[in-house]
Amino acid sequence: MGVISIIAEWLFPVECVICKKSDKWLCKECYKDIEFLPLNKCPFCKSFSFLSKTCKKCVAIEQNKLDGVFSYSSYKNLKLKKVIHSYKYSYITDLKYPLFRLLEHILKNIEKGQAIGNLSKIIDEKTLFFYVPLHNIKLRTRGFNQAELLLEELVKNKIVTEKQAEYKDFLKRIKNTLPQAKLKKEEKTKNLKDAFSYKGPLLKNKNVILIDDVATTGSTLNECAKILKSVGAKKVYGMVIAR
722 MGVISIIAEW
732 LFPVECVICK
742 KSDKWLCKEC
752 YKDIEFLPLN
762 KCPFCKSFSF
772 LSKTCKKCVA
782 IEQNKLDGVF
792 SYSSYKNLKL
802 KKVIHSYKYS
812 YITDLKYPLF
822 RLLEHILKNI
832 EKGQAIGNLS
842 KIIDEKTLFF
852 YVPLHNIKLR
862 TRGFNQAELL
872 LEELVKNKIV
882 TEKQAEYKDF
892 LKRIKNTLPQ
902 AKLKKEEKTK
912 NLKDAFSYKG
922 PLLKNKNVIL
932 IDDVATTGST
942 LNECAKILKS
952 VGAKKVYGMV
962 IAR
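In my numbering, the protein residues as written are 722 to 964.
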């Protein structure tokens, strides 16, 4: 271990971001408290919808391109919210390890639904996975893209294949948008207009899963879905840790 690492550990000792009692960033006890609680709500109107697929009424609205959002739990779960906030804004990138396991759990839940016939085939070997991109300015400032790190872990652990993630870097954010959390709902849509582009092969009849950490209104995921469907994607779903 280098001198800088020793000093860093002394100044910023590793402790659970929730209970402060462990030598891990997220201890087993606090991790267990983050229960699996998918919302089962349409990402647009919030009406009941199994596995949070876009309801029939909202599918009929032209600007709604997102086909659903799979999530692990609610952003109202204060412990989960604290973990995500520490990951993104306190730059504790090692939290990607417990967080990507939550995404793995979502994927297993989807596969279970497909196996018993409750779901049409959403994910198979041809499904493509993307992460929601950051603008280069924000990426340089933060130093990492939290969604990209999560997808990388899914690939490293062979939960998502390299083939499924081969186009992941072709979705770009070309507009340096304002932080969505600070905007009203109608402002969020305007803020994201023309914010994304796609520079890759056509996605003819492919199902797509978009990875991100949090989705509140779903505006960001929907804008990405518009771009991906314009180049041939059949269905586009978001997959997030919290909503």
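The beta-carbon is built from N, C-alpha and C at its ideal position, and this holds for glycine as well.
Bear in mind that the values here come from a model prediction, so they are computed numbers and not experimental data.
The three-state reading of DSSP puts LEU823 in helix, counting H, G and I together.
In this structure, ASP788 sits away from LYS947, with a CB-CB distance that is not shorter than 8 angstroms.
The residue from VAL935, GLN867, LEU758 and PHE757 with its alpha-carbon nearest to that of ILE813 is GLN867.
Taking the CA atoms as reference points, LYS906 sits about 11 angstroms from THR941. The beta carbons of PHE821 and VAL929 sit about 19 angstroms from each other, so the pair does not count as a contact at 8 angstroms. Taking the C-beta atoms as reference points, TYR796 is found nearer than 8 angstroms to THR937. For GLY959, the secondary structure class from DSSP, reduced to helix, strand or coil, is strand.
Collapsing the DSSP output to three states places LYS797 in coil. About 5 angstroms separates the beta carbon of ASN897 from that of ILE858, a gap short enough to meet the 8 angstroms contact definition. Counting only runs of 4+ residues, the alpha helix (DSSP H) found wholly inside the region 895 to 930 occupies 906 to 913, in chain order. At a Cβ-Cβ threshold of 8 angstroms, GLY959 and ASP933 count as neighbours. Three or more Cβ pairs closer than 8 angstroms define a contact, and the region 734 to 748 meets that threshold against the region 798 to 818.
LYS842 has its alpha-carbon roughly 13 angstroms from the corresponding atom of ASN830. The Cβ-Cβ distance between GLU944 and ALA916 falls below 8 angstroms. Annotated as distal: LEU801 and ALA902, with beta-carbon spacing of 8 angstroms or more.
For TYR888, no beta strand (DSSP E) run applies, since DSSP gives it neither H nor E. Residue pairing by DSSP leaves VAL804 without any beta bridge partner. By the criterion of a C-beta distance shorter than 8 angstroms, ASN761 is surrounded in its chain by PHE769, SER770, PHE771, LEU772 and SER773, once the five residues flanking it on both sides are discounted. In the structure shown, the three-state DSSP call for LEU860 is helix.
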